[in-house]
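Written below as structure tokens is the structure these notes are about.
Residue numbers (the numbering used here): 40 to 335.
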């Protein structure tokens, strides 16, 4: 297996066909086909099916894609590492943000990073905190903005602040509630929450157990903030989320929030770094941008 084969493989995926990849990277189509056949022979796997109009990745192809992206990212970073400095940071940095944070701050982070550090190639991705912690520990991402990091984490952790969580409902249900609700008030409400081991679910379960001696009433496990919001807006249940998560929906009259008191539910916001990349100049530069944006 060679780096050239992996680059051709990703080019075909990116362009959707061998002919498209040939045109984009200026390599003859037969040469690409030959390299990919050699790669499949070496791995003993079919990587994609050739269709009349393009290609379709197999399960093995999807598996190799994840490895190829990571391998080439690390190889490409070697050149940048020797030219990068705190004065002129350069290179690839992968930043992940929890969905709630990404919704509010992604534009500001991308704009500031591009303005201050034009030689940094920043990739931004989002997911729920539990998944992002796994990605950061494996090195799939360099930095991640997450909630409630476990005390035994091997990651470098920088505390950014705290935020309250709210009961999220459709506006009609909001009119049936008081100005605030207690934990006991919402104990029997049908909640839509992320599944274990997402950090939001763990925190909500722990808060109910410590204060009421029982679990919340979870109607459905939903590992998608977007889907949770759509279901709540349709009157299918309620949820517990941050104000960041639902700002646009509140502005459009699709959702409403009610403060939770007695006790409030609060979580920490943290910026974690994959340890082998913590001293990289480009990673430190993006770290400064995220810290500044979230503090503003």
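Built from N, CA and C at the ideal position, the CB exists for glycine as well.
Being a predicted model, the structure only gives us computed values, none of them experimental.
Delimiting residues of the beta strand (DSSP E) encompassing residue i
i	result
residue 87	87-90
residue 205	195-208
residue 310	305-312
residue 331	Element bounds for residue 331: not the beta strand (DSSP E) but the alpha helix (DSSP H), 320-334.
residue 185	182-186
Where the alpha helix (DSSP H) through residue i begins and ends
i	result
residue 127	Looking at the DSSP string, residue 127 is not in any alpha helix (DSSP H), and its letter there is neither H nor E.
residue 264	264-272
residue 172	168-177
residue 64	57-64
residue 95	Counting along the chain, residue 95 falls outside any alpha helix (DSSP H), though it belongs to the beta strand (DSSP E) covering 93-96.
residue 156	Run containing residue 156: none; DSSP gives neither H nor E here.
residue 342	Residue 342 lies beyond the range of the chain shown here (40 to 335); nothing can be said about it.
residue 42	42-54
Spatial distance of residue i from residue j (CA atoms)
i	j	result
residue 54	residue 63	8 Å
residue 56	residue 71	11 Å
residue 195	residue 178	12 Å
residue 247	residue 310	26 Å
residue 171	residue 180	8 Å
residue 92	residue 73	19 Å
residue 301	residue 96	52 Å
residue 162	residue 330	17 Å
residue 117	residue 304	44 Å
residue 50	residue 193	35 Å
residue 151	residue 128	14 Å
residue 104	residue 130	21 Å
residue 89	residue 44	17 Å
residue 68	residue 149	36 Å
residue 252	residue 226	11 Å
residue 240	residue 287	23 Å
residue 144	residue 313	21 Å
residue 175	residue 318	15 Å
residue 82	residue 65	26 Å
residue 78	residue 101	14 Å
residue 191	residue 197	14 Å
residue 249	residue 222	11 Å
residue 316	residue 182	9 Å
residue 283	residue 40	45 Å
residue 299	residue 289	17 Å
residue 272	residue 263	14 Å
residue 265	residue 215	24 Å
residue 52	residue 94	8 Å
residue 224	residue 285	22 Å
residue 98	residue 126	43 Å
residue 59	residue 112	22 Å
residue 142	residue 268	13 Å
Supposed contact pair residue j and residue i - C-beta distance, whole angstroms, cut 8 Å
i	j	result
residue 219	residue 297	7 Å
residue 320	residue 124	6 Å
residue 204	residue 280	6 Å
residue 47	residue 86	Contact doesn't hold; Cβ gap of about 11 Å is too wide.
residue 173	residue 308	Rounded, the Cβ-Cβ distance is 18 Å, inconsistent with contact.
residue 255	residue 244	7 Å
residue 114	residue 42	6 Å
residue 332	residue 61	Their Cβ separation, rounded to whole angstroms, is 41 Å, which puts residue 332 and residue 61 out of contact at 8 Å.
residue 306	residue 242	6 Å
Cβ of residue i within 7 Å of any chain C Cβ
i	result
residue 198	The structure shown contains no chain C, having only a single protein chain.
### Message
Check whether the region 196-214 and the region 280-294 touch, using three or more Cβ-Cβ pairs below 8 Å as the test.
### Response
yes
### Query
How about the region 128-136 and the region 312-327: do they share at least three Cβ pairs that are nearer than 8 Å?
yes
### Query
Would you call the region 137-150 and the region 165-179 touching, i.e. three or more CB-CB distances under 8 Å?
yes
### Message
For the pair the region 184-203 and the region 258-267, tell me if three or more CB-CB distances fall below 8 Å.
### Response
no
### Task
Please determine if the region 149-159 and the region 95-114 are in contact, where contact requires at least 3 C-beta pairs separated by less than 8 Å.
no
### Query
Is the region 225-237 touching the region 260-278, taking contact as three or more C-beta pairs under 8 Å?
yes
### Query
In the region 222-299, which residue ranges form an unbroken alpha helix (DSSP H) of at least 4 residues, counting only runs that do not cross its ends?
222-225, 238-251, 264-272 and 286-290
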